[in-house]
Structures are given as structure tokens and as C-alpha cells.
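Below: the structure, in C-alpha cells.
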Amino acid sequence: MLDVGCDTGRFGEALQLNKDCVVDGIEPHLPSAEIAQTRLRNVFTTPIENCRSFTNYNNYDALLSLDVLEHLQNPWSVLEELSQFLNPGGKIFVVVPNIAHVAIVRRLIRGQFEYSDRGTMNRTHLRWFTRNSLQKALSEAGYEKIEIKVSPHIPYLSGNYLLLRKLKICLTHTFPDQLGGSIICIGTKISKH
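See the structure below:
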């Protein structure tokens with residue numbers, strides 16, 4: 005498995021311990037990469053948008069891109085280039101923030117477009133996605149059988165009560181674009197026949 009933007013490698017380490025897999029990472033931030041090197045098999049420190057240089061490692065069954073694409077200048081070409089590392093039929097798992105969430109749209113309607121230190125409007129985000137735009141990006145990059153889900157994010161319903169959790173899930177299922185906090189996508193590399 006290749007974890008693109010692996011940070012300190014904590015997630016990849018957990019996968020290796022619990023899912024019987026081997027994880028490599030790409031992490032251009034050197035202090036994070038140094039920590040990741042103690043947790044993962046290989047860590048590449050080249051910028052993610054220069055990922056073509058990893059041609060010796062092109063036999064992964066899965067790729068992870070968890071909250072990474074929104075930080076890239078050209079995530080569309082990165083998605084296409086990453087497919088070269090996947091075996092035919094391999095999976096890509098992508099998570100990005102949902103720009104169509106009602107809280108963001110509400111601010112935009114009020115004329116407010118303000119960056120923050122975290123969340124969807126993080127200062128480091130260069131690109132934004134909706135469910136449709138992420139699905140289109142993966143499809144155009146050569147992935148098929150694309151599944152899209154969202155994680156519930158309804159700040160107006162706080163609490164950890166069973167009824168509230170079920171209500172959040174039901175509402176998010178009904179209004180995924182408006183109430184999904186993160187978009188979770190799985191795509192399959194098109195098999196060459």
C-alpha cells in the first residue's frame with residue numbers, strides 16, 4: 005500500500021499492525037518524513053506533484069490519499085500519475101473536505117469567504133471538491149467503479165446519544181452534499197485487457 009501524504013506514518017503503522025499489509029509513504033515535509041521512516045517500509049520525500057520519479061515502485065494494490073488533494077496545485081494530474089503505481093484492479097482511497105457543506109454555503113451566501121487555521125477553509129487548501137467534482141476527477145484520471153460516501157458533520161446536533169447518532173446518519177444519507185463533512189471515495193484502476 006502507498007500512503008500519499010503519510011505525515012508521520014501513524015495511520016500506515018496502524019494498518020501494518022492490524023491489517024497484515026506493508027505500507028510505503030510519500031511525505032515531502034522532512035520532519036514528518038523522518039518520523040514516518042521509523043514506522044513504514046519506505047518513505048519518499050519528493051513533492052507529491054513530482055510522484056513520477058517513483059517508477060521502481062509500481063506494484064501497489066492500494067493507494068491512500070487522505071486529506072491531501074486539496075493542498076495540491078494540480079490534483080487532477082496527480083490522480084492520473086498515481087494510477088501508474090497501482091496494479092490493475094488496485095484501489096485508491098481518497099478523502100477530501102466537502103466544500104458544498106451547508107455551513108460553507110451559508111457563509112458564501114452572506115458574502116463571507118474567510119480562511120481559517122483548520123477545517124475546510126484551511127489556509128493551506130488550494131482546491132476544493134464536491135462529491136460530483138471528486139467523482140469526475142477520479143473518472144477522468146482512469147479509475148472506475150467509483151464509490152462515494154460522506155462522513156456526517158452536523159454541528160447543530162451535538163451529543164453522543166444513540167438517537168442523535170442515528171438522526172445524523174439518516175439526515176446525512178438524505179442530504180449528503182449539504183451535511184457531509186468529508187467526502188470519502190474509493191476507485192478502482194481500470195484493468196488493461
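Using my numbering, you'd call the opening residue of the sequence shown number 5 and step up by one each time.
Don't be surprised by glycine CBs; every beta carbon is placed ideally from N, CA and C.
These numbers were taken from a predicted model, which means no experiment stands behind them.
With C-beta atoms as the reference, is residue i less than 8 Å away from residue j?
i, j, result
"Gln-68", "Leu-90", "Correcting the residue identity first, residue 68 is Leu in this sequence and not Gln. Cβ distance not < 8 Å, so Leu-68 and Leu-90 don't count as in contact."
Hey, quick one: how far does the alpha helix (DSSP H) through residue i stretch, first residue to last?
i, result
"Asn-136", "135-144"
"Glu-38", "34-40"
Report the rounded CA-to-CA distance for residue i versus residue j, giving the unit in angstroms.
i, j, result
"His-197", "Gln-139", "Reliability of the predicted coordinates at His-197 is poor, the pLDDT of 44 falling under 50, and no value is obtained from them."
"Ser-195", "Cys-55", "21 Å"
"Pro-51", "Pro-32", "5 Å"
"Leu-44", "Leu-19", "10 Å"
"Gly-94", "Lys-149", "11 Å"
"Thr-167", "Cys-174", "With the sequence shown as reference, residue 167 is identified as Leu, and Thr is not the correct amino acid for it. Looking at the two C-alpha atoms, the distance is approximately 10 Å."
"Ile-158", "Arg-122", "17 Å"
"Pro-101", "Val-47", "25 Å"
"Arg-114", "Ile-108", "10 Å"
"Tyr-118", "Glu-85", "Inspection of the sequence shows that residue 118 is occupied by Glu rather than by Tyr. Going from the Cα of Glu-118 to the Cα of Glu-85 covers about 32 Å."
"Phe-179", "Arg-111", "18 Å"
For residue i, report the span of its beta strand (DSSP E) as first-last.
i, result
"Phe-15", "Here Phe-15 belongs to no beta strand (DSSP E); instead the alpha helix (DSSP H) covers 14-23."
"Thr-192", "184-193"
"Ile-96", "90-101"
Residues in the same chain with beta-carbon distance under 6 Å from residue i, minus the five sequence neighbours each way, listed in chain order, please.
i, result
"Arg-14", "none"
"Gly-191", "Ile-96, Leu-142, Tyr-147 and Ile-150"
"Pro-79", "Leu-73 and Arg-131"
Considering Cα atoms alone, identify which of the options is closest to residue i.
i, options, result
"Val-154", "Glu-74, Arg-110, His-177 and Ala-145", "His-177"
"Thr-12", "Ile-30, Lys-23 and Ala-40", "Ala-40"
"Val-72", "Lys-170, His-129 and Thr-134", "His-129"
"Leu-1", "Cys-10, Tyr-165 and Asn-22", "The question about residue 1 has no answer, for the chain in this structure spans 5 to 197."
"Cys-25", "Pro-35, Leu-112 and Asp-65", "Asp-65"
"Val-98", "Thr-134, Met-125 and His-105", "Thr-134"
Sorted by chain position, which residues of the same chain lie with C-beta nearer than 7 Å to residue i's C-beta, five sequence neighbours on each side aside?
i, result
"Val-27", "Met-5, Asp-7, Gly-16, Leu-19, Gln-20, Leu-44 and Arg-45"
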